[in-house]
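Comments concern the structure below.
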Amino acid sequence: MTRHALPANLAGEVACRVGLSVPASRQGTVASAIARIMARRGIDDSSLLLRRLGLDQDLTDDVIAAVTVGETHFFRGPEQFQLIRQEILPELTRRPDGAPARIWSVGCATGEEPYSLAILCDEEGLLEEVRICAVDISRRALGTARAAEYGEWSLRNTDRRLKERYFTACDDRFRLSERLRPQVDFAVLNLGEADLPAPERGLADFRLILCRNVLVYLDASKVPRIARQLFACLADRGWLLTAPTDPPLWKYAPFETCITPAGVVYRRMMARGDARKSPISGVVSARGKPKNPVTRMAAAQACDTAAPKAPGDKLSRAIAQIRARYDVGETREAACLAAQAVESHPLSPELHFLQGLSQMADGEIDAAAAALRRVVYLDSTLAAAQFFLGVCLRQSDPEASLRALENVLQFCLSRPPQERISLMADATAGDLVERARREMGKIRQARGSESR
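When we follow this note's numbering, the leftmost residue of the sequence shown carries the number 1, and every step to the right adds one.
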């Protein structure tokens, strides 16, 4: 059988057909995976592959797995789970009508995220007061989620006490407690194509939505519509959490947005007449004067770096002072100054960047990663922040590190090689491409060593 040459844009066409998108940096990897799928299934014509997508569900799931990274584990993003435990759940379950608070896990993959939420709710004694819905584009992944059996890798960041309490070991697998499994409802949903809200399917009136590491796989043109739909799916005072690598949503829907240690948090607030305080650590809400770095960013409000600054203003002086300390190696002092300046200018990406850079140099990698995540939330196009975030996460979360570095490649490959990189005066787009590729090579080399 003579095989047809595969089109150069096959990865993009296939991804589009299943409602997803492939960044330029992953086109080659995805195309190779699709070629292997075609060879395994005896498909020698790309047009035949495209016609069968959607009709052959097993083939479609193979393609979805090729396009998406599919990396997940229990309690992924511990800072966000800490925020849910400490700040969101106590408010979430205060329902005057006694109805369960509804939680939605979008892009739940094989179920680790919604089951983590169920465990968290049970730990807080709230399991009977919530109902968790979980959706994903892959039927195969949902089948694994419903089975609720996991390997050691999925539990690698799970506290030993929780592992012993909620899982039963069987050979090399761990089965989730039968008591928790019925608390999660699973359903197929393609977020990129869905018409939301959909009350008839139970997809509305959520008090908390987690939509993490999903929007990065969707075409950028769909993000504004999805932002509005997610807003509409929230109940009053409902919360939306996304991931650091996801595009910002505040400009597309009337969210009220807080910058927290766990990153940016979106909310659908009540009418302006409601002058109640935000539940986040007693911070005055959007209608009051912010009293610390956890503060609202209205959709219409530009961040601190958007407007030109007079050379002598406080922000410019603070940045110059921090950079001067950093340049002479006084990184701890620079980090302290940046933290103080962030109190007054919480929406300045450059301040958060300098804080993260100083903390990196001082060996405080986790704190640096948190600061750099805030930069990415404020402006996901800042390739410098994406690069250093990728470096910070290389050991602790290789998949998230690769995604951040892929974002660097996607941005820099779209720019002239000699173009200077914002926040990195000594680097060009071409320089950063090479540096990002070296970091990605280190991660892949480490993975290869672990697998041997």
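C-beta: ideal position from N, C-alpha, C; glycine also.
Its Cα nearest to that of A446, the residue D397 stands out among D426, D397 and I421. Annotated as distal: E79 and A101, with beta-carbon spacing of 8 Å or more. Counting only unbroken stretches of 3 or more residues, the beta strand (DSSP E) elements lying wholly within the region 170 to 196 are 173 to 176 and 184 to 188, in sequence order. Between the region 247 to 260 and the region 358 to 368 there are fewer than three C-beta pairs closer than 8 Å, too few to call the two in contact. Inclusion of D205 and R140 in the CB contact set at 8 Å is not warranted, their separation being larger than that value. Excluding its 5 nearest sequence neighbours in each direction, A118 has C-beta neighbours in its own chain below 7 Å: L127, I132, L180, Q183 and V184, listed in chain order. Relative to D431, the option among P417, L55 and G143 whose CA is nearest is P417.
L347 sits away from A334, with the two beta carbons spaced by 8 Å or more.
For R51, the uninterrupted alpha helix (DSSP H) run begins and ends at S46 to R52, by DSSP. Here A400 has L393 as same chain residues with Cβ atoms under 6 Å from its own Cβ, once five neighbours each way along the sequence are excluded. Contact check for D236 against S21 fails: the beta carbons are separated by 8 Å or more. With at least 16 other beta carbons inside 10 angstroms of its own, W239 counts as buried.
Looking at the backbone, the Cα of A169 and that of E152 are separated by about 10 Å. For the set R374, V391, L351 and E178, the Cα lying nearest the Cα of I365 is the one of V391.
Each residue's CA atom was taken as its position, placing A33 and E419 some 33 Å apart. The C-beta of Q395 has fewer than 16 other C-beta atoms within 10 Å across all chains shown, which makes the residue exposed. The alpha-carbon separation between L92 and A99 amounts to approximately 11 Å. Pairing P247 with L59, the inter-Cα distance amounts to about 29 Å.
Here DSSP, grouped into helix, strand and coil, assigns I132 to strand. For S316, the uninterrupted alpha helix (DSSP H) segment begins and ends at K314 to D327. Rounded to whole angstroms, the gap between the alpha carbons of L372 and V216 is 18 Å. Boundaries of the alpha helix (DSSP H) around D61: Q57 to V67. The beta-bridge partner set that DSSP reports for Y150 consists of F174. Under the rule that a run must span 4 or more residues, the alpha helix (DSSP H) segments found entirely inside the region 205 to 246 read 223 to 233. Taking 8 Å as the cut-off, the beta carbon of C211 is found closer than this to the beta carbon of G107. For G54, the closest alpha carbon among the candidates V18, L382 and I84 is that of V18. Around the CB of G125, fewer than 16 other CB atoms lie within 10 Å, so the residue is classed as exposed. When secondary structure is reduced to three states using DSSP, C392 falls in the helix class. Beta-carbon to beta-carbon, T158 and F75 are separated by about 6 Å, close enough to satisfy the 8 Å threshold.
About 5 Å separates the beta carbons of A436 and L409, which is inside the 8 Å limit, making them a contact pair. Counting the other Cβ atoms within 10 Å of the Cβ of S414 gives fewer than 16, which makes it exposed. Following the DSSP letters along the chain, one finds C258 inside the beta strand (DSSP E) bounded by residues E256 to T260.
Scanning the region 67 to 122 for uninterrupted alpha helix (DSSP H) segments of 4 residues or longer gives 78 to 83 and 89 to 92, listed from N- to C-terminal end. For the pair S116 and I259, the Cα-to-Cα distance works out to about 23 Å. For the pair A65 and P261, the Cα-to-Cα distance works out to about 32 Å.
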